[in-house]
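What follows is one structure encoded as structure tokens, with my remarks underneath.
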Amino acid sequence: MITMNGKKMQFSNISTDINLDNLENQDSLDVIVNMGPQHPSTHGVFRLVLWIDGEIITKAEPHIGYLHRGSEKLCESELYSQVISLFDRIDYLANLNMELGFCAAVEKLMEIDIPDRAWYIRTILCELNRIASHLLFYGVFGLDAGAMTPVLYGFRDREKIQSVFESVTGARMMHNFIRIGGLKEDVGNDFKKDVTKLLSTLKTSIDECDELLSGNEVFLARTKGIGTIERQTALDYGLSGPTLRGSGIPEDIRISDPYGIYDRFDFKIPVGTVGDSWDRYYVRVEEMRQSISIIEQALAQMDEGPILGNVRRLIKPPKGEVYTRTETPRGDFGVFLVSDGSDKPYRVKVRAPSFSNLLALTKMLENSYVADSVVILGSLDIVMGEVDR
Amino acid sequence: MIVEIFNNFPYIFRPSLLLLFLTITVLFLTWLERKTLAKIQMRMGPMFVGFHGTLQPIADAIKLALKEDILPLWSNKQIYWFAPIAVFVPAFLIWVTLPISNVFVVRNLELGLFYIVSISVLSVLGMVLAGWSSANKYAFLGGVRAAGQLISYEIPFIMAILSIAMISKSLNLITIVENQSSFPNILVQPIGALIFFLSGLAEIGRTPFDIHHAESEVAGGPFIEYSGAHWSVFFLAEYINTFTVAALVVLLYFGGWNWPTMPFEGNTHSFLSALWFLFKCYLVVLLIFWIRGTSPRLRIDQLMSFCWKLLAPLSFANIIVTGFILYYKLPWVILSVSSILLLIVALYFIRKKTNTSPQKTIKLYSANELRAAGKNNSGLETNND
Numbered sequence: 001m002i003t004m005n006g007k008k009m010q011f012s013n014i015s016t017d018i019n020l021d022n023l024e025n026q027d028s029l030d031v032i033v034n035m036g037p038q039h040p041s042t043h044g045v046f047r048l049v050l051w052i053d054g055e056i057i058t059k060a061e062p063h064i065g066y067l068h069r070g071s072e073k074l075c076e077s078e079l080y081s082q083v084i085s086l087f088d089r090i091d092y093l094a095n096l097n098m099e100l101g102f103c104a105a106v107e108k109l110m111e112i113d114i115p116d117r118a119w120y121i122r123t124i125l126c127e128l129n130r131i132a133s134h135l136l137f138y139g140v141f142g143l144d145a146g147a148m149t150p151v152l153y154g155f156r157d158r159e160k161i162q163s164v165f166e167s168v169t170g171a172r173m174m175h176n177f178i179r180i181g182g183l184k185e186d187v188g189n190d191f192k193k194d195v196t197k198l199l200s201t202l203k204t205s206i207d208e209c210d211e212l213l214s215g216n217e218v219f220l221a222r223t224k225g226i227g228t229i230e231r232q233t234a235l236d237y238g239l240s241g242p243t244l245r246g247s248g249i250p251e252d253i254r255i256s257d258p259y260g261i262y263d264r265f266d267f268k269i270p271v272g273t274v275g276d277s278w279d280r281y282y283v284r285v286e287e288m289r290q291s292i293s294i295i296e297q298a299l300a301q302m303d304e305g306p307i308l309g310n311v312r313r314l315i316k317p318p319k320g321e322v323y324t325r326t327e328t329p330r331g332d333f334g335v336f337l338v339s340d341g342s343d344k345p346y347r348v349k350v351r352a353p354s355f356s357n358l359l360a361l362t363k364m365l366e367n368s369y370v371a372d373s374v375v376i377l378g379s380l381d382i383v384m385g386e387v388d389r
Numbered sequence: 001m002i003v004e005i006f007n008n009f010p011y012i013f014r015p016s017l018l019l020l021f022l023t024i025t026v027l028f029l030t031w032l033e034r035k036t037l038a039k040i041q042m043r044m045g046p047m048f049v050g051f052h053g054t055l056q057p058i059a060d061a062i063k064l065a066l067k068e069d070i071l072p073l074w075s076n077k078q079i080y081w082f083a084p085i086a087v088f089v090p091a092f093l094i095w096v097t098l099p100i101s102n103v104f105v106v107r108n109l110e111l112g113l114f115y116i117v118s119i120s121v122l123s124v125l126g127m128v129l130a131g132w133s134s135a136n137k138y139a140f141l142g143g144v145r146a147a148g149q150l151i152s153y154e155i156p157f158i159m160a161i162l163s164i165a166m167i168s169k170s171l172n173l174i175t176i177v178e179n180q181s182s183f184p185n186i187l188v189q190p191i192g193a194l195i196f197f198l199s200g201l202a203e204i205g206r207t208p209f210d211i212h213h214a215e216s217e218v219a220g221g222p223f224i225e226y227s228g229a230h231w232s233v234f235f236l237a238e239y240i241n242t243f244t245v246a247a248l249v250v251l252l253y254f255g256g257w258n259w260p261t262m263p264f265e266g267n268t269h270s271f272l273s274a275l276w277f278l279f280k281c282y283l284v285v286l287l288i289f290w291i292r293g294t295s296p297r298l299r300i301d302q303l304m305s306f307c308w309k310l311l312a313p314l315s316f317a318n319i320i321v322t323g324f325i326l327y328y329k330l331p332w333v334i335l336s337v338s339s340i341l342l343l344i345v346a347l348y349f350i351r352k353k354t355n356t357s358p359q360k361t362i363k364l365y366s367a368n369e370l371r372a373a374g375k376n377n378s379g380l381e382t383n384n385d
């Protein structure tokens with residue numbers, strides 16, 4: 001029985017292997033600290049149980065499932081065109097990338113030809129969404145390290161991107177804009193002008209964000225060498241996206257397994273060399289700049305034309321199964337789709353990059369400081385909606 | 001006129017006057033902090049209550065006073081309610097001897113500096129008690145962190161004060177300020193001022209040393225279980241401490257209420273000097289807020305090594321240099337030059353030790369090169385199986 005302040009205390013709901021019977025014979029007893037699901041820096045409803053010895057973490061146990069909404073199962077009872085709105089909610093910070101992931105799978109199964117203009121608009125919107133997602137990461141990562149200003153800078157610029165989304169799709173998040181075979185509707189006449197203007201402001205403000213946080217001595221001390229994950233370990237855990245690239249592997253689905261029109265653009269892949277939190281952070285900052293370059297090229301190449309391919313109103317893919325991969329802000333987003341020839345998917349399986357990235361957390365937390373656990377978790381940039389689905 | 005009223009004020013009632021002054025200062029500081037941070041972060045800050053939110057602190061105070069005081073089930077009730085008092089009383093007691101001008105002081109003590117040093121240590125007790133009695137692990141972690149941090153930073157804090165006492169040959173704050181009438185102490189003690197300011201920041205737990213109530217890890221630290229009036233007492237103490245450090249920096253290093261030239265005399269002089277002193281204090285306070293707006297938080301081990309490996313040795317070196325120059329009666333210029341040299345050497349070692357040069361460890365791979373490297377390779381050249 002453990003007592004605190006003379007009263008009995010009970011630990012409930014925490015698995016523990018501490019022998020409470022002979023406390024006198026043990027040198028020290030690890031304190032079990034429960035972080036989350038209601039904690040300011042667990043990025044949603046993530047729960048982390050930490051065994052700490054002083055300020056050092058001896059063991060960490062992640063618990064997930066607090067945001068499980070059964071998205072995959074729900075997909076099976078919806079028409080193909082209705083599933084898109086469910087995918088919007090999987091990774092709620094990169095909605096358009098999610099929609100694209102599902103639509104690409106159905107299109108691959110049905111072998112639809114998508115008009116070029118639709119692909120250009122999709123690419124521009126998805127890259128904008130990538131910037132928006134990374135800006136949010138930038139702000140929240142600063143908050144994890146204890147700086148309170150970056151989050152407001154990040155949100156300021158993200159707001160501008162969302163205004164463009166609103167003018168194009170009608171919604172700031174949950175767009176439901178990308179359709180199987182193309183897009184819901186064409187963009188307005190001033191789309192090119194709006195995006196060009198947005199890009200010029202984003203360029204300066206991303207540099208401003210970079211200057212605000214990246215050179216700060218305290219921030220460097222907090223991120224350099226923290227949560228290092230080796231090249232081979234990163235591969236073994238199946239990490240993807242900026243988290244994998246931070247560990248020194250130039251792997252990007254947009255290049256290694258190109259979808260859409262990504263083979264028409266020339267851009268650069270930022271890759272870290274050490275694999276610590278700093279590398280993962282700076283890979284994302286650099287990726288925002290590369291996304292801007294992709295959007296600029298897409299704007300220059302874009303032509304007039306139709307925005308919807310030759311698809312019927314009621315989508316009935318042939319019997320079969322398909323697996324597609326797309327690169328979302330968090331990494332390799334895979335959709336496995338089984339069709340039985342009806343108008344509803346037989347099975348939809350989502351390979352969520354956040355979930356795979358989260359697996360490495362336990363290893364990274366070993367023998368780190370309590371304060372670093374927050375930074376390490378932040379550097380993985382997880383979205384619980386995607387982890388639990 | 002105000003000076004005459006103050007001089008005729010009975011000693012016994014002066015603390016209540018001080019409490020009034022400090023409360024108004026704290027209310028103003030909360031408003032000032034929110035506005036300053038808002039400016040840094042391109043926001044408006046409080047705008048609705050009063051002109052540009054000037055009445056916001058009063059609205060906050062009313063809200064806090066009316067909130068329910070929650071007592072956690074497992075807490076130790078007596079200690080839990082005592083802890084806010086244990087934090088607030090030392091913060092208040094320091095101001096008994098802090099002069100705002102040569103007349104505005106509750107009781108000028110001959111051993112003023114000694115009194116301040118001894119009282120300022122006490123506030124850590126309240127933090128630890130609050131952390132322990134809350135029966136909350138975050139609060140406990142925060143309390144233990146506070147104990148470690150505040151006790152460590154006490155040493156460079158006292159050593160920096162000691163060098164000032166050596167120069168001024170007095171512990172009386174009014175004498176120390178009057179000794180600076182020709183030039184402020186910062187000119188002869190630049191490194192002492194820096195040590196004092198940094199360890200002062202750590203003493204009051206302000207960014208980048210706000211480890212004991214780090215929101216992102218321990219979610220508020222010792223104050224996590226407190227609400228309503230008791231919580232507000234903690235923050236009253238924190239803002240008083242912030243103002244105390246600012247006042248001490250001005251008193252010890254920036255010449256207190258000394259004007260470059262003073263055209264007035266008598267009571268007008270005293271009154272205007274008080275305003276001048278408060279102006280200087282607010283400049284230092286703004287610097288503290290500015291740091292809060294831009295800097296992330298240090299980790300506990302980095303904080304400790306910063307104190308024990310850098311600030312403490314530096315403050316001892318500062319004492320030795322000061323003593324050497326005082327003993328051989330060398331001119332002050334040598335002290336300032338040697339102090340600056342010491343600072344440069346220290347900064348060189350920080351650069352060398354911390355190894356946190358902002359060099360970019362990121363390489364950029366061109367997409368075309370990667371495509372040419374192999375269509376099926378997918379970039380994973382180390383994938384053996």
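So the sequences go chain by chain: A and B. Here my numbering is used: position 375 in the first sequence is 375, and no number is missing along the way. Here my numbering is used: position 232 in the second sequence is 232, and no number is missing along the way. A virtual CB, placed ideally from N, CA and C, is assigned to each residue, including glycine. What you are looking at is a predicted structure, and each value in this text was computed from that prediction instead of being measured.
Return the CA-CA distance between residue i and residue j, expressed in angstroms with no decimal places.
i      : j      : result
A:D372 : A:L365 : 8 Å
B:V284 : B:V250 : 8 Å
A:S41  : B:P15  : 42 Å
B:W290 : A:N310 : 59 Å
A:V383 : B:A229 : 37 Å
A:H175 : B:E215 : 33 Å
A:E116 : A:A298 : The residue you asked about is not Glu; residue 116 of chain A is Asp in the sequence shown. Roughly 11 Å between the two C-alpha positions.
A:L337 : A:Y346 : 8 Å
A:N389 : A:D91  : The question names Asn, but residue 389 of chain A in the sequence shown is Arg. Each residue's alpha carbon lies about 8 Å from the other.
B:F104 : B:V3   : 8 Å
A:V387 : A:S354 : 6 Å
A:R47  : B:P10  : 59 Å
A:G320 : A:A104 : 15 Å
A:D89  : A:T169 : Sequence check: residue 89 of chain A is Arg here, not Asp. Each residue's Cα considered, the two are about 16 Å apart.
B:F306 : A:F267 : 42 Å
By Cβ distance, which residues of its chain are closer than 8 Å to residue i, with the 5 residues on each side in sequence left out?
i      : result
B:D385 : Low confidence applies to B:D385: its pLDDT is 42, below 50, so where it sits in the model is not reliable, and the reading given next is rough at best. Cβ within range, chain order: n/a, list empty.
B:G148 : I300, M304
B:I319 : M159, L162, S163, M166
A:E76  : K344, P345, Y346, R347, V348
A:S368 : I56, I57, I226, G227, I376
A:T362 : A60, E61, P62
Counting contacts by CB-CB distance shorter than 8 Å, is residue i in contact with chain A?
i      : result
B:N102 : no
B:L311 : no
B:I362 : yes
B:S150 : In the sequence under discussion, the amino acid at residue 150 of chain B is Leu, which differs from the Ser named in the question. No, because no Cβ of chain A sits closer than 8 Å to the Cβ of B:L150.
B:A367 : yes
Can a CB atom of chain B be found closer than 8 Å to the CB of residue i?
i      : result
A:I229 : no
A:H43  : no
A:N176 : no
A:D157 : no
A:F336 : no
A:L152 : yes
A:F137 : no
A:R264 : no
A:Y259 : no
A:H39  : yes
A:S15  : Reliability fails at A:S15, whose pLDDT of 41 lies under 50, so the model's placement of it is uncertain and the value that follows must be treated cautiously. Answer no: the Cβ-Cβ gap between A:S15 and chain B never drops below 8 Å.
For residue i, I'd like the list of residues in its chain whose CB is within less than 6 Å of its CB, leaving aside the five on either flank, ordered along the chain.
i      : result
B:F140 : G131
Contacting positions in the region 36-57 of chain B - beta carbon closer than 8 Å to chain A = L37, I40, Q41, M42, R43
Going along the region 192-217 of chain B in order, which residues come within less than 8 Å of chain A, judged by CB to CB distance?
-> T207, P208, D210, I211, A214, E215, S216, E217
Can you list, in chain order, the residues of the region 341-361 of chain A whose Cβ is nearer than 8 Å to any Cβ on chain B?
-> none
For the region 288-303 of chain B, which residues have a beta carbon sitting closer than 9 Å to at least one beta carbon of chain A?
-> R292, G293, T294, S295, P296, R297, L298, R299, I300, D301, Q302
Counting only runs that start and end within the region 259-347 of chain B, where is the alpha helix (DSSP H) found for 4 or more residues in a row?
-> 266-294, 300-305, 312-327
Residue ranges of each alpha helix (DSSP H) run of no fewer than 4 residues wholly in the region 52-78 of chain B, ordered along the chain?
-> For the region 52-78 of chain B, whole alpha helix (DSSP H) runs of length 4 or above, ordered along the chain, are 56-66.
Start-end ranges of the alpha helix (DSSP H) lying completely within the region 323-360 of chain A, minimum 4 residues = 353-359
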